[in-house]
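J.: Sharing a structure here in structure tokens format.
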Amino acid sequence: MSWEAIGAIGDIGGAVAVIATLFFLYKQIRLNTRELERANLHQSAQSTMSNNTLYVQIWQPLMQDKELADIYLRAIKGEALSEIDSLRFSVYINTVFALGEAAYFQTVSGVGFDELSDDATEVIDVFSGYMCKLLETETGKNWFESDAPSLYTEEFLSVVGNARKETNSV
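Each number in my numbering comes from the position in the sequence shown (counting from 1) with 11 added on.
Listed below in structure tokens is the structure:
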């Protein structure tokens, strides 16, 4: 056997090795893609569950605490609240806004709420009606002006402020 024949066999062996390597890489990339898709679905499900839990946590105090439900109704009706009642209602408002901000930034980052919308301002529209209702109360207005700026990002508060303007102009 000549050196040329041995070189040709080596080239064929090298080509087979390259093809085998490419096939292996193809299988690994395909497997990795499937695992990433599963991880994304899992993350989306976790995000939805987390948001559902937060949603329940918002309404649960009103359902379980008659006194807080009474405070809520008096505030929504525009009745005066004592200092302690105003504090309790402010904490409730803060809880609602925490959910709204979490939903907003999850959407901005591309995690969760894709089935609703991939536009964060559209997602906030889901919450804005209720948030604006809370901010129309005397306690809500005071909370938004005094406490909210130190608790929430300027970006989120700007979106809420725009939603309030739209609600008030309608």
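By construction, the Cβ of each residue, glycine as well, lies at the ideal position given by its N, Cα and C atoms.
(1) Please confirm whether Phe155 and Leu146 have their CB atoms less than 7 Å apart.
(2) For Ala113, which three-state DSSP category applies?
(3) Less than 7 Å separating the beta-carbons of Leu135 and Val107?
(4) I need the DSSP call for Met12, collapsed to helix, strand or coil.
(5) My output table needs one value for Ala91: the three-state DSSP class, helix, strand or coil.
(6) Taking contact to mean at least 3 C-beta pairs separated by less than 8 Å, is the segment 68-86 in contact with the segment 48-56?
(7) Here's a check: name, in chain order, each residue in its chain whose Cβ is nearer than 6 Å to the Cβ of Ala113, leaving out the five neighbours to either side.
(8) Quick check: Ile82 and Arg99, are their CB atoms within less than 7 Å of each other?
(9) Quick one: Cα of Glu46 to Cα of Ile40, how far?
(10) Tell me the rounded alpha-carbon separation between Lys144 and Phe35.
(11) Using the three-state DSSP reduction, which class does Gly121 fall into: helix, strand or coil?
T.: Let me spell this out:
(1) yes
(2) helix
(3) Here the sequence assigns Ile to residue 135, which means Leu is not the residue at that position. No, they are not a contact pair.
(4) coil
(5) coil
(6) no
(7) none
(8) yes
(9) 10 Å
(10) 59 Å
(11) coil
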